[in-house]
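Working notes for the structure below.
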Amino acid sequence: MKAMIFAAGLGTRLRPLTDHMPKALVPVAGVPMLQRVILRLKESGFNDLVINIHHFGEQILDFLKANQNFGVRIHISDERGKLLDTGGGIRKARPLLDDSEPFLVHNVDILSDIDLAAFYHLHAEQPCDATLLTNHRQTSRYLLADDEGHLQGWINKSTGETLPFGTSYTAGKYAELAFGCIHVLSPSIFHYMEDKRWHDKFSIIPFYIDICHQADLRCHTIDSQAWFDIGKPETLAKAEAYLGRAAIMQKRT
């Protein structure tokens, strides 16, 4: 199975840790983020990985080489010339991803106990363009999904703004879901990226929202206590505390 790891980000929320290293190599309980994600994917059966790089990208290359790519096949999508954001990063990596099989996309700064193989196979068993992992955590911006889980739009609850243009929001009309930064895409998604608006740097969520009434995009909700955005200091600390407790429990058993 194939997966892409977003490892190109600047990691501004983790400064000063990222002043001299890429976010992907910031340790979480002593283990670099990237290593944790690679090993999670490997354990789940993903053996063909694409990793994009930008900020201190050469450190990531050296890290992978020193660890023999952790025993999996790794391709590099090099964005050191220009950081392309999440959507642009997927589009640039198209030659490495566009074959007959779906591929999973995972942010390097997400730590979870989600069954990644089951999530991948859930998507593979249904004919859709993308399946987005979602949860019910509190945020100000939500994806809006109908009763069947089809993505219908987006709302910023702080401002009342809705997208795409013309989306009508009434409380209770849609499920309000937070994006979990893990998704599975079918190669058919690249068809929608051929529009000239998506030929450079762009974020994947605005792209999904823009095409949601043309493409088949589905939200799959998994609420887990072990889901952390470790790209900021406060949640990095929470993740390390969780891992510490888990290690103690494992020793007791």
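Its first residue numbered 238, the sequence shown is counted upward by one per residue in our numbering. Yeah, the Cβ is synthetic: ideal placement off N, Cα and C, and Gly gets one too.
Same chain, Cβ closer than 7 angstroms to residue i, five either side skipped, listed in chain order
{"i": "A382", "result": "L388, Q389, Y411, A412, L414 and C456"}
{"i": "F293", "result": "M258 and P259"}
{"i": "I446", "result": "G390, W391, L400 and P401"}
{"i": "A354", "result": "S281 and G282"}
{"i": "D350", "result": "S461 and A463"}
Burial state of residue i (16 or more Cβ within 10 Å)
{"i": "S377", "result": "exposed"}
{"i": "G417", "result": "buried"}
{"i": "N289", "result": "buried"}
{"i": "R331", "result": "exposed"}
{"i": "S337", "result": "exposed"}
{"i": "F402", "result": "exposed"}
{"i": "T371", "result": "buried"}
{"i": "R252", "result": "exposed"}
{"i": "K302", "result": "exposed"}
Proximal residues to residue i (C-beta, below 6 angstroms), its chain only, five neighbours per side dropped
{"i": "H373", "result": "D460"}
{"i": "T404", "result": "G390"}
{"i": "I426", "result": "D366 and A367"}
Distance, residue j Cα to residue i Cα
{"i": "F340", "j": "Y429", "result": "16 angstroms"}
{"i": "G481", "j": "L473", "result": "12 angstroms"}
{"i": "D299", "j": "Y406", "result": "49 angstroms"}
{"i": "Y379", "j": "L333", "result": "31 angstroms"}
{"i": "D315", "j": "G325", "result": "12 angstroms"}
{"i": "K239", "j": "D352", "result": "15 angstroms"}
{"i": "T255", "j": "A452", "result": "37 angstroms"}
{"i": "A476", "j": "I467", "result": "7 angstroms"}
{"i": "Q363", "j": "K433", "result": "29 angstroms"}
{"i": "C449", "j": "G386", "result": "12 angstroms"}
{"i": "L348", "j": "G409", "result": "30 angstroms"}
{"i": "L454", "j": "E471", "result": "32 angstroms"}
Same chain only: Cβ atoms within 8 angstroms of residue i, ignoring 5 sequence neighbours per side
{"i": "E398", "result": "I392"}
{"i": "Q296", "result": "M258, P259 and L262"}
Can we say the segment 342–353 touches the segment 240–249, given the rule of at least three CB pairs closer than 8 angstroms? yes
If contact is defined by three or more beta carbon pairs under 8 angstroms, each pair taking one atom from either stretch, is the segment 301–319 in contact with the segment 267–283? yes
Threshold first: 3 residues or longer. Then list the beta strand (DSSP E) segments lying entirely within the segment 406–451, N to C. 412–422
If you pair each beta-carbon of the segment 308–322 with each one of the segment 434–453, do three or more pairs fall below 8 angstroms? yes
Which residue spans inside the segment 284–326 form an unbroken alpha helix (DSSP H) run of at least 4? 294–303
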